[in-house]
Amino acid sequence: MEVSNLFVCLMGMGVTFIGLTCLILLTTLMGKLVNRVPEAKPVPAPVPTPAPAAGDVPNRQELIAAVSAALAEELGTDVSGIRILSFRKVS
11 MEVSNLFVCL MGMGVTFIGL TCLILLTTLM GKLVNRVPEA KPVPAPVPTP APAAGDVPNR
71 QELIAAVSAA LAEELGTDVS GIRILSFRKV S
C-alpha cells in the first residue's frame with residue numbers, strides 16, 4: 011500500500027495542531043487552578059533596630075576572641091598563630 015505525500019503532510023500538521031491545542035487547554039486550566047488558591051497576606055517587615063556605635067560594644071575582648079577563632083578555623087591554623095593588630099567597624 012502506497013501512502014501519498016499529501017496524506018503524510020496533512021497527518022503531520024493535524025497531529026501537531028491537535029497537540030498544540032491540548033497544550034493551550036492544559037496551560038489555561040492550570041492557570042485557572044493556580045489563581046483559584048487564595049493569596050497569602052504579606053507579612054509586615056520588622057522594624058530595624060539601630061546598630062550600636064563603635065564604642066558601645068560591651069564585650070570587645072569576647073568579640074575579638076570569636077573573630078580570631080573564626081579566622082583560625084577558616085585558615086586551618088591555631089588561634090595563637092593569628093595576631094590581630096587593629097579591629098574597627100567598616101561602614
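To convert a position in the sequence shown, counted from 1, into my numbering, add 10. All C-beta atoms, glycine included, are put in the ideal place defined by N, C-alpha and C. Since the structure is predicted, the reported quantities are computational estimates derived from the model, not experimental observations.
Out of 87, 75, 86 and 84, the CA that lies nearest to the CA of residue 95 is found in 75. Rounded to whole angstroms, the gap between the alpha carbons of residue 39 and residue 33 is 10 Å. The beta carbon of residue 11 sits closer than 8 Å to none of the beta carbons in its chain outside the five residues before and after it. Collapsing the DSSP output to three states places residue 26 in a helix.
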